[in-house]
Amino acid sequence: MPPVQVKLFDVQPATHTGDHAAPDSVPQDLRPPSIALGDLFAAIHAAHIFTDAKAVADAIPDQAPTDLVAEWRQEKDLPDFNLKRFVSQHFTIPVLRSAAYSRKPGENVRDYISGMWDVLTREADTAVPWSSLLPLPETYIVPGGRFSEFYYWDTYFTMIGLYEDGRIDLLRNVVRDIASLIDRYGHMPNGNRTYYLSRSQPPFFSLMLDLLASHDGQVVYTSFLPELQREYDYWTHGADTLKPGEAWQHVVRLPDGTLMFRPWDDMDTPRDESYPQDLATAKRTQRPAPGLWRDLRAGAETGWDYSSRWLADNRTLGTINTTSLITIEYNCLIAHLAQTLSHAYALNGEKEKASLYSQQATQLQNAINHYLWNEKEGAYFDYNWRTGQLRDVLSTATLVPLFLHLAPQDKADAVARAVKARLLHVGGLTVTDRETGQQWDYPNGWAPEEWMAIKGLEQYGHDALAAEIGRRWMARVIGTYEKSGVLLEKYDVVSPEISATGGKGGGEYPMQIGFGWTNGTLLGLMNRYPQNTRQVLDNNPLADQPSQQPLPPVNAWDAKGPEIPVTERSPLKGVSVSTLKADRPAQDKTPRPETEAPATPDAPHPADPATINPPTSQTPVKQPPAKPEKKAKPEENTQHAAPDQKQDTKPVPSADPVPVVPHMNPTPEQHPAGTSGPGPAD
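Structure, rendered in structure tokens:
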């Protein structure tokens, strides 16, 4: 059974033309800078040397961190010691590049997008000693602004534009780069930085393969089958040992045995890239800091950093409880990943595995339509697995089951009505119906959400609504471009006035320009709706004229003071694409040290929605005390095995095991008894 593919407009198949390569790298310190530099990292932040915390995380020491910290400790109490001078002498600060490009006189938005590909492209890396950057073997694309590295879910929406613009070579390289990271670290990290290794982002790898396969053919699925399997194993790690009512890393087994997924991060410390912000958030709340920081990190993994979706009181960041939530996108994307894995195994002639993963995809689809559906509201919502209640924040995530064709028609029709009534505004869809000042809330609209909404609605026959959302969003984005000369990360879609800076912004950093996923999806929409594009330009008196407006502020990376050296990393060539993947050792299937899941028999799998246990309580039940730590015993990986069907235990080729990250939670979390189904909103 082929996977449910999210097809582009006017896709033309072609033949496969290349292989993905292993990276050429040297041994690297994979500890995030906050751990490698320890007290020195904290001291640099406390001195407020940089305007953006990310600059510290990306700074490259001139010697081994251990030696540098020892030197700092020897000097820091001397009368003439100056920390700013010390940083200047011992760190190199990479500079932003994409802000240098702005609209040329007479350049229309389509030409701007084409011109930006080269600005946002980075050459293949080689490992730089003590840098937080994880080197990639092929050229790759970055979002723009302060985001000068490779990001997981951003990349899929940027790839849409590469496809539409005929940049198949770069699209192919990007897929190889992600495969390389999965091979090395067991998963695609949030981005190619050491401080992103403890988490991922919404898993779009299988959709990237759909996109590449639409050009290179079905061989793409078998070519990247090892990486598909490895990615799936990462997201389901620990599932085979969970009892009903327990959670471990990304997996949650509900009281009736249903397996679903949540955001997670292996660390419970302040984020390297937002260190002072996380310290400040902890000071404003009475809750234990480690749990808060893990929820902040897990919120960053969702890509929605931050939103009322994750806030227990719907407004205050200190109440963030991301790890308590089974999210719409994660479960939909993992269902797609399972179905794609089934398709790849079918192409490879492995019928039993194909059947197994097809069953798992169907089971998860059933669970989505049971646990995440609110009949009264007519929409999908996130589900709090601790309380057994659905959240009450309506968001564009309700459209992801439509985008991935996981919703029945009646639910899709209800979603269309809810979105039109509550999220549609003059400039497109707001990502939620709550105004909090967070960037992933009202009044902001974001390109990936508009794209998935439009595609999802089209797939269920709501063409008029899809076209209207597309028209309004395109008018807002192109209108802003005509005023500013740039494309932005996000936009205020509620204000009747178009701002050159995109609106209020919100969140932890200034508005960013570039911008990969805005460029990619806008080009896709312009090709899909050429009449709308012309209408937008005809109604805009500034169209096709050079911008007279100043660029939005880009002060996210500037160092304070002239003595801090800034250098642009020279393009370095990686290995040839003709170099095939090296033989990999068998993947270690046992839990990593200090992260053992309990060794228990597999719980039953979710039944058809008609037979899934109905809600047993409308009232949250208090969480019982945590059980004593239970150690796991090594065993074969049988996660998701269907009843009366053994899973093939042949080891999947893998890269070296992922290094252990400190501060992991050593015991599974407990689900309150008697909350087996959705209840009222929490």
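Following the working numbering from start to finish, the sequence shown increments by one per residue and tops out at 687.
Just so you know, even glycine gets a beta-carbon here, dropped at the ideal spot from N, CA and C.
Computed from a predicted structure; not experimentally measured.
Express the C-alpha separation of residue j and residue i in angstroms, rounding to a whole number.
i, j, result
"D238", "R172", "31 Å"
"L175", "A402", "29 Å"
"F386", "S400", "8 Å"
"P673", "A252", "6 Å"
"E112", "I503", "20 Å"
"Q675", "F408", "32 Å"
"H430", "E487", "20 Å"
"E380", "W122", "44 Å"
"P148", "W378", "33 Å"
"A412", "Y335", "15 Å"
"A351", "Q291", "53 Å"
"I187", "A366", "21 Å"
"D82", "T274", "27 Å"
"W158", "M457", "13 Å"
"H95", "Q368", "54 Å"
"L428", "L434", "5 Å"
"L241", "A340", "In the sequence on display, residue 241 carries Thr and not Leu. T241 and A340: Cα-Cα distance of roughly 11 Å."
"Y376", "I325", "21 Å"
"W478", "Y168", "21 Å"
"Y362", "A426", "37 Å"
"P551", "D116", "Because the pLDDT of P551 is 36, which lies under 50, any placement of that residue in the model is unreliable, and the question is left without a value."
"M193", "P84", "46 Å"
"V124", "G196", "19 Å"
"A294", "K288", "9 Å"
"R189", "D170", "31 Å"
Identify, in the order they occur along the chain, each residue of the same chain with its Cβ nearer than 8 Å to the Cβ of residue i, setting aside the five sequence neighbours on each side.
i, result
"G475", "E455, I459, L530, R533, Y534 and N537"
"L330", "R267, P268, R314, W315, D387, Y388, N389, W390 and R396"
Could you name the residues of the same chain whose beta carbon sits closer than 7 Å to that of residue i, not counting the 5 residues immediately before and after it, in chain order?
i, result
"P32", "Reliability fails at P32, whose pLDDT of 45 lies under 50, so the model's placement of it is uncertain and the value that follows must be treated cautiously. Taken in chain order, the list of residues that qualify is empty."
"P70", "D34, A41, L42 and W135"
"V225", "H21, L214, L217 and A218"
"D653", "The predicted position of D653 is uncertain, since its pLDDT is 34 and thus under 50; no value can be drawn from it."
"H50", "A58, V61, Y280 and P281"
"P633", "Unreliable placement is indicated for P633, whose pLDDT of 37 sits below 50; the coordinate value is still reported in the next sentence. Excluding positions up to five away in sequence, the list is empty."
Can you name, in chain order, every residue of its own chain whose Cβ lies under 6 Å from the Cβ of residue i, other than the five neighbours on each side?
i, result
"P249", "R258, P260, G262 and A608"
"C337", "V405, P406, L409 and L411"
"W77", "L45"
"T441", "S313 and R320"
"A480", "V541"
"I118", "N524 and L528"
"Y465", "L407 and A417"
"S203", "D270, D271, M272 and V666"
Kindly examine the ligand COA and report whether one of its heavy atoms sits closer than 7 Å to the Cβ of residue i.
i, result
"L88", "The ligand COA is not part of the structure shown, which contains no ligands of any sort."
So the candidates are the options; which of them puts its Cα closest to the Cα of residue i?
i, options, result
"G415", "S312, D188 and L462", "Before going further, note that residue 415 is Asp rather than Gly in the sequence given. The option with the nearest alpha carbon to D415 is L462."
"T327", "L316, C337 and R539", "L316"
"F4", "F155, S137 and Y350", "Residue 4 is absent from the structure shown; the chain starts at 6 and stops at 687."
"R299", "R320, H255, D318 and I333", "H255"
"S136", "P99, L264 and E494", "P99"
"R539", "T526, E143, G196 and G484", "G484"
"H467", "A417, Y201, N87 and K495", "A417"
"I373", "F229, T332 and R189", "T332"
"V180", "S211, E440, S203 and S153", "S211"
"L139", "A62, V92 and V114", "A62"
"V92", "V491, V74 and T227", "V74"
"L284", "D271, D270 and R302", "R302"
What are the boundary residues of the beta strand (DSSP E) that residue i is part of?
i, result
"N336", "No beta strand (DSSP E) holds N336; the alpha helix (DSSP H) holding it covers I333 to L352."
"G450", "N449 to W451"
"R258", "V256 to R258"
"L186", "Where L186 is concerned, there is no enclosing beta strand (DSSP E), although the alpha helix (DSSP H) it sits in stretches over I173 to Y190."
"F266", "L264 to F266"
"A421", "A421 -> not in any beta strand (DSSP E); alpha helix (DSSP H) instead, spanning Q414 to R427."
"K358", "No beta strand (DSSP E) contains K358, which is instead part of the alpha helix (DSSP H) from K356 to Y376."
"P99", "F96 to P99"
At which residues does the alpha helix (DSSP H) containing residue i begin and terminate?
i, result
"M164", "Y157 to E169"
"G393", "First-last for G393: undefined, no H or E at that position."
"W122", "V114 to L125"
"L212", "F210 to D221"
"I474", "D468 to S489"
"A52", "It is not in any alpha helix (DSSP H) - A52 carries neither H nor E in the DSSP assignment."
Can you confirm whether residue i, when its beta carbon is compared against all beta carbons of chain D, has any partner nearer than 8 Å?
i, result
"E143", "Looking for chain D here will not work: only one protein chain is present."
Any contact between the segment 35 to 47 and the segment 55 to 69? By contact I mean 3 or more CB pairs, one from each, below 8 Å. yes
Exercise. With a cut-off of 8 Å, do at least 3 Cβ pairs link the segment 125 to 136 to the segment 277 to 291?
Worked result: no
Mind the definition here: the segment 206 to 225 touches the segment 303 to 321 only if three or more C-beta pairs lie below 8 Å; say whether that holds.
Judged by Cβ distances under 8 Å, the segment 206 to 225 makes contact with the segment 303 to 321, as three or more pairs qualify.
Assess contact between the segment 411 to 424 and the segment 387 to 397, defined as three or more Cβ pairs (one per stretch) separated by less than 8 Å. Is contact present? no
Do the segment 487 to 500 and the segment 445 to 455 meet, that is, are 3 or more Cβ pairs less than 8 Å apart?
With three or more CB-CB distances shorter than 8 Å, the segment 487 to 500 counts as touching the segment 445 to 455.
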